[in-house]
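Data first, discussion second: the structure below is written as structure tokens.
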Amino acid sequence: MGMLIDITHVLGNTNRYLATEGVKGDSHFPWYKLSTISKIRQDLDVWASGTADVFSNLSTLFGQADSTILLLSKAIYHLIHCLIYRPFLPINLQHQSWQMGATNMCLFHANAIMELVKLRKE
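Add 256 to a position in the sequence shown, counting from 1, and you land on the number used in the numbering used here.
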């Protein structure tokens, strides 16, 4: 349950960031280490490193009583990535080099959410 609380806290910070105009409202560029988006990404990295052992073996994951909570936590983790990278997706389909990375990250995490849903259905 602690994992869900921790990732929900990061989701709350992400929502606050996006509600205050995201990148436009930040005092630093997104790639600067003191930017809000960098802090959110650091929080995501810390959460992921602390949960890596839980998600390393799917058969044991689904055998646990709290597997639904664990999957929800992982889905929220991927959702946060989609939320923070979404503003960087190109609207006019003219990709700059940095937009390719944002597009790839957003699509990777969106696909990961779908994989979690598929795994749970099996």
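Every residue, glycine too, gets a C-beta built ideally from N, C-alpha and C.
Nearest-angstrom Cα distance between residue i and residue j?
| i | j | result |
| --- | --- | --- |
| Asn-271 | Ser-305 | 22 Å |
| Cys-338 | His-365 | 6 Å |
| Ser-291 | Asp-299 | 13 Å |
| Tyr-273 | Asn-360 | 21 Å |
| Asp-301 | Met-356 | 21 Å |
| Ile-296 | Gly-319 | 31 Å |
| Leu-317 | Ala-358 | 30 Å |
| Ile-332 | His-265 | 10 Å |
| Thr-276 | Val-310 | 34 Å |
| Asn-327 | Asn-367 | Here the sequence assigns Leu to residue 327, which means Asn is not the residue at that position. Between Leu-327 and Asn-367, the C-alpha separation is close to 14 Å. |
| Asn-269 | Ser-312 | 27 Å |
| Trp-287 | Ala-308 | 25 Å |
| Tyr-341 | Lys-289 | 16 Å |
| Ala-321 | His-334 | 22 Å |
Near residue i, what residues of its chain come up, given a Cβ to Cβ distance below 7 Å and the 5 sequence neighbours on each side ignored?
| i | result |
| --- | --- |
| Ile-262 | A small fix is needed here, since residue 262 is Asp in this sequence, not Ile. Trp-303, listed in sequence order. |
| Leu-375 | Leu-314 |
| Ile-325 | Met-257, Leu-260 |
| Ser-323 | Leu-317 |
Residue i and residue j look like a contact to me (Cβ under 8 Å); what is the Cβ gap, rounded to whole Å?
| i | j | result |
| --- | --- | --- |
| Leu-267 | Ile-336 | 6 Å |
| Lys-330 | Leu-372 | 6 Å |
Problem - alpha helix (DSSP H) segments (min. 4 residues) lying fully within the region 270-319 - result: DSSP assignment within the region 270-319 yields the following whole alpha helix (DSSP H) runs of 4 residues or more, N-terminal first: 278-281, 292-307, 314-319.
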